[in-house]
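J.: Under our numbering, the residue at position 122 of the sequence shown is numbered 1057, and the numbers go up by one with no gaps.
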Amino acid sequence: MLSVIPEASAQDQPEWASRPYAYVVIDQDVRGVLQAFGRNLGVPMVISAKVKGRAPANFRAANAGAFLDKLTTNNTLTWFSDGNMLYVDSEDDLQIRNFEAVGLSAKDLQASLDELGVSGKHLHVRNSFQGDGLMVSGPPAFMALVQQRIEQIARPEPGPVAVREHGVRVFRGSAASELVEAKSKQ
């Protein structure tokens, strides 16, 4: 079974992605454009130090999601939203990792990430070839979130508290005093 979180599509985009975005770029630094993007939409952003480049003159798009996709594609960048923050990284930062997740399928993890409102570009989750874990690829913040979700899902539920059926057990406190006897010299 192969399950994948596809690159961001219209149905799993963050709410801000469909908003009109009338920002017009006039040959600007891509970091500045991204900072303005977050500020204009009220979206907190984390921009990797590796994000560099220029956005060409007369660069525009119909809505915020299309603007971000076009900007990141033109500058070999990737983006990821955890539902609260927007992370932008260089495609050079993309990672592939195998997570041990006994009893957890890619479908289960995907459902968990969907609950959080996770979306982005270059995010993939699939069962590993041997079926003993999950193969995940994406930017560093996505990988950290996946690790956190796997740990939360895999954490065993606390069992019921054992209750004694009969009887009462009483523990009495006590005070102990030490008696020191002086030995007489002979």
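Ideal Cβ positions, reconstructed from N, Cα and C, are used throughout, including at glycine.
All values reported here derive from a predicted model rather than from experimental measurement.
Looking at the structure shown, is L937 part of a helix, part of a strand, or coil, going by DSSP?
T.: Your numbering for residue 937 matches position 2 in the sequence shown. For L937, the predicted model reports a pLDDT of 34, less than 50, meaning its position is unreliable and no value from the coordinates is stated.
J.: Starting from the Cα of D964, find the closest Cα among K985, I1031 and E1086 and give me that residue.
T.: Taking the sequence shown and counting its residues from 1, one reaches residue 964 at position 29. Answer by Cα proximity: K985.
J.: Which residue from H1059, A990 and G1038 puts its Cα closest to that of D962?
T.: Within the sequence shown, numbered from 1, the residue matching residue 962 stands at position 27. Of the listed residues, the one whose Cα sits closest to D962 is A990.
J.: Out of curiosity, what's the CA-to-CA distance linking E1035 and A1076?
T.: Working through the sequence shown from its first residue, we reach residue 1035 at position 100. Working through the sequence shown from its first residue, we reach residue 1076 at position 141. Using only the alpha carbons, I get a separation of about 18 Å.
J.: Between the Cα of G1038 and those of V960, A952, E1086 and I982, spot the shortest distance and give me the residue it belongs to.
T.: On the sequence shown, residue 1038 is found 103 positions in, with the first residue counted as 1. Looking at the Cα atoms, E1086 is the closest of the given residues.
J.: Would you check if there are 3 or more beta carbon pairs closer than 8 Å linking the stretch 1045–1053 to the stretch 1024–1031?
T.: no
J.: Based on Cα-Cα distance, which residue from P949, L1012, A1041 and I1088 lies nearest to I982?
T.: Numbered from its first residue, the sequence shown carries residue 982 at position 47. The option with the nearest alpha carbon to I982 is L1012.
J.: Compute the distance between the beta-carbons of N1010 and G977, then report whether it is under 8 Å.
T.: One-based indexing of the sequence shown puts residue 1010 at position 75. One-based indexing of the sequence shown puts residue 977 at position 42. No, Cβ-Cβ distance for N1010 and G977 is not below 8 Å.
J.: Starting from I1088, trace the alpha helix (DSSP H) both ways and give me its first and last residue.
T.: By 1-based counting over the sequence shown, the position of residue 1088 is 153. Element bounds for I1088: P1075 to A1089.
J.: When burial is assigned at 16 or more other CB atoms within 10 Å of the CB, is D1067 buried or exposed?
T.: For this step, residue 1067 is matched to residue 132 along the sequence shown. Exposed, since its Cβ has fewer than 16 Cβ neighbours within 10 Å.
J.: Give me, in chain order, the residues of the same chain whose beta-carbon lies closer than 6 Å to that of G953; leave out the 5 immediate sequence neighbours on both sides.
T.: In the sequence shown, the residue the question calls residue 953 occupies position 18. Before going further, note that residue 953 is Ser rather than Gly in the sequence given. N998.
J.: Reducing DSSP to helix, strand and coil, say where F1002 ends up.
T.: Residue 1002 sits at position 67 when you count from the first residue of the sequence shown. Of the three classes helix, strand and coil, the one that applies to F1002 here is helix, per DSSP.
J.: Using only the alpha-carbon positions, how far apart do S1063 and A957 sit?
T.: As a working mapping, residue 1063 is identified with position 128 in the sequence shown. As a working mapping, residue 957 is identified with position 22 in the sequence shown. Computed Cα separation, rounded: 43 Å.
J.: Find out if the Cβ-Cβ distance for the pair V1023, L1058 is shorter than 8 Å.
T.: Taking the first residue of the sequence shown as 1, we reach residue 1023 at position 88. Taking the first residue of the sequence shown as 1, we reach residue 1058 at position 123. Going by C-beta atoms, V1023 is not nearer than 8 Å to L1058.
J.: Of the choices S1054, R1107, N1033 and A996, whose alpha-carbon is the least far from that of W1014?
T.: In the sequence shown, counting from the first residue as 1, residue 1014 sits at position 79. Closest option to W1014, Cα to Cα, is S1054.
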